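The structure appears right after this line, and notes come after that.
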Amino acid sequence: MDLARGYILGFGVWAPIVSFVLMVFQSVAAPLPAFIITFANAGLFGWVYGAVLSWSSAMAGAVLCFYIARYFGRATVEKFTSINLLNSVDNFFKDYGKYAILIARLLPFISFDVVSYAAGLTSMGFWPFFIATGIGQLPATIVYSYIGGMLTGGVRTMVFGLLVLFALSTLAMLLKNIWKDKKRREGEDYVEEL
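In terms of the numbering used here, the sequence shown opens at residue 122 and continues consecutively.
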């Protein structure tokens, strides 16, 4: 987190623009978690301005992912993300329909970019996607920005570690549930064939 903050700060007056570009890039290629940039933005620009910068740049990244998927199709999207994660999000969209984007954005353990790519592969219109993403992304951005703006030193490192641990634990539980659900569905399909 301090590394990201130092890197962004190194660009001086261009720091907000560099941060914006990093967040968009992280949305497309996901080299680092978005909350690290959000924490850095809050520490550098204050939690309110940091939240605005993080939210707007995440929205730009979501739009870019949506249109990459819309124009280039699934084969291209699979180069940027995990096929298994993409399939999981596809199933999530089938289960929750038009509310899938809003639900996915409110759940911090669901990959932001995978949801954007998957939405671009559906028949969903741009504006419903954009509005649901904006509303759903706002609470997490505000919370991460507030925490990032208030934390210093060892406490920041501890909270960062806890967030990573929480994210990994939640992802493991989600993948386990998806796997169980898949096995259950395969069993139902087998019974239907008989």
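By construction, the Cβ of each residue, glycine as well, lies at the ideal position given by its N, Cα and C atoms. Just so you know, these numbers come straight off a predicted model, no measurement behind them.
In terms of CA proximity to tyrosine 220, Phe250 leads the group Phe250, Leu259, Gly194, Lys301. Separation of the CB atoms of phenylalanine 233 and serine 148 is rounded to 6 Å, and the pair is thereby assigned contact status at 8 Å. Taking alanine 225 as the centre and dropping the five residues before and after it, the same chain places the C-beta of Ile231, Val236 closer than 6 Å to its C-beta, in chain order. Shortest Cα-Cα distance from phenylalanine 160 to any of Phe146, Ile129, Ile189 involves Ile129. Between the alpha carbons of lysine 303 and alanine 261 lies a distance of about 29 Å. Under the 8 Å Cβ criterion, the stretch 254–268 does not count as touching the stretch 201–213, having fewer than three qualifying pairs. Of the residues Ser266, Ala253, Ile299, Gly270, the one whose Cα lies closest to the Cα of alanine 172 is Ser266. Per DSSP, the unbroken alpha helix (DSSP H) holding tryptophan 248 starts and ends at 247–271. Following the DSSP letters along the chain, one finds glycine 171 inside the alpha helix (DSSP H) bounded by residues 168–193.
In this structure, Asn162 is the residue among Pro154, Asn162, Phe156 with its C-alpha nearest to the C-alpha of alanine 136. According to the DSSP assignment, proline 137 belongs to the alpha helix (DSSP H) that extends over 136–150. With a threshold of 16 other beta carbon atoms within 10 Å, glycine 182 meets it and is buried.
Spatial neighbours of leucine 165 in its own chain (CB-CB distance under 8 Å, excluding positions within 5 residues in sequence) are listed in chain order as Arg126, Ile129, Leu130, Ala136, Ser140, Gly171. Taking the CA atoms as reference points, isoleucine 189 sits about 29 Å from phenylalanine 132.
Taking C-alpha positions only, valine 142 is separated from serine 178 by approximately 7 Å. The criterion of a C-beta distance shorter than 7 Å is satisfied by glycine 241 and phenylalanine 187.
For serine 237, the enclosing alpha helix (DSSP H) has its first and last residue at 233–241.
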